[in-house]
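Take a look at the structure set out below.
Protein chains in written order, with this note's numbering: chain F, 1 to 110; chain E, 111 to 224.
And the structure:
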């Protein structure tokens with residue numbers, strides 16, 4: 001059974017810092033991996049999707065990498081801002097299933 | 111497209127009552143997923159449909175939960191009778207047939223059962 005783990009569970013950084021969020025999964029037979037952002041009381045906003053044939057994806061200050069063989073993905077956030085404060089979830093996509101990690105709660109202090 | 115639409119956004123009901131959550135997927139998407147999010151268990155897949163047909167309902171917690179998709183633009187998740195432990199946020203997501211398998215989530219329904 002696929003298990004997805006995110007480390008750390010919570011992270012607090014001062015504004016302007018670069019940071020890395022980690023996601024690991026136990027079964028490397030995945031199709032894609034997707035990173036989401038969730039604000040308190042809100043739904044999920046898709047940030048980046050990495051297809052299994054890709055190694056990384058970039059969108060603005062965000063860069064996500066995928067290493068299927070080691071079962072790992074990272075989300076890199078450059079020059080963090082208070083508006084980046086949210087919970088970040090990674091999700092592993094199999095054929096017709098999607099497993100989520102528990103998320104990393106990020107706080108960026110002004 | 112307006113994205114995935116869910117209603118109601120908030121529902122408060124008493125234990126034992128029937129609850130019906132509604133979802134309208136993105137037009138043209140042929141997969142629809144229902145998820146539940148709680149603090150204890152995170153996000154869990156309950157059931158998903160392909161072309162209006164339920165494919166996997168192994169995540170449905172018990173017989174009190176049922177889901178239907180009578181047509182390509184509408185799905186319901188029903189809880190009867192509801193219990194306090196059903197309190198959670200319920201998300202609906204849809205996906206097209208493309209190779210990316212990317213899912214698009216609705217805003218969720220926050221259910222509170224007292």
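Cβ atoms here follow ideal geometry from the backbone N, Cα and C, with glycine treated the same way.
Straight-line Cα distance separating residue j from residue i
| i | j | result |
| --- | --- | --- |
| residue 186 of chain E | residue 101 of chain F | 26 Å |
| residue 175 of chain E | residue 158 of chain E | 13 Å |
| residue 142 of chain E | residue 110 of chain F | 40 Å |
| residue 13 of chain F | residue 47 of chain F | 20 Å |
| residue 6 of chain F | residue 68 of chain F | 15 Å |
| residue 119 of chain E | residue 138 of chain E | 23 Å |
| residue 58 of chain F | residue 184 of chain E | 34 Å |
| residue 114 of chain E | residue 15 of chain F | 33 Å |
| residue 179 of chain E | residue 136 of chain E | 14 Å |
Contacts around residue i, its chain only, beta-carbon distance under 6 Å, and the 5 residues preceding and following it disregarded
| i | result |
| --- | --- |
| residue 213 of chain E | 203 and 205 |
8 Å CB neighbourhood of residue i in its chain, flanking five on each side removed
| i | result |
| --- | --- |
| residue 224 of chain E | 122, 123, 124, 125 and 194 |
| residue 147 of chain E | 153, 154, 198, 199, 200, 201 and 218 |
Residue i at chain F interface by Cβ criterion, 7 Å
| i | result |
| --- | --- |
| residue 169 of chain E | no |
| residue 126 of chain E | no |
Within-7 Å CB hit, residue i to chain E
| i | result |
| --- | --- |
| residue 83 of chain F | no |
| residue 7 of chain F | no |
| residue 31 of chain F | yes |
| residue 50 of chain F | no |
Check: residue i C-beta below 6 Å from any heavy atom of the ligand HEM
| i | result |
| --- | --- |
| residue 208 of chain E | In the structure shown, the ligand HEM is absent, as is every other ligand, since no ligand is present at all. |
Buried versus exposed, by CB contacts within 10 Å (16 or more), residue i
| i | result |
| --- | --- |
| residue 27 of chain F | exposed |
| residue 95 of chain F | exposed |
| residue 107 of chain F | exposed |
Close Cβ partners of residue i (< 7 Å) along its chain, the five nearest in sequence each way excluded
| i | result |
| --- | --- |
| residue 215 of chain E | 114, 201 and 203 |
| residue 52 of chain F | 30, 31, 32 and 68 |
Taking three-plus beta-carbon pairs below 8 Å as touching, is the region 72 to 82 of chain F in contact with the region 7 to 25 of chain F?
-> yes
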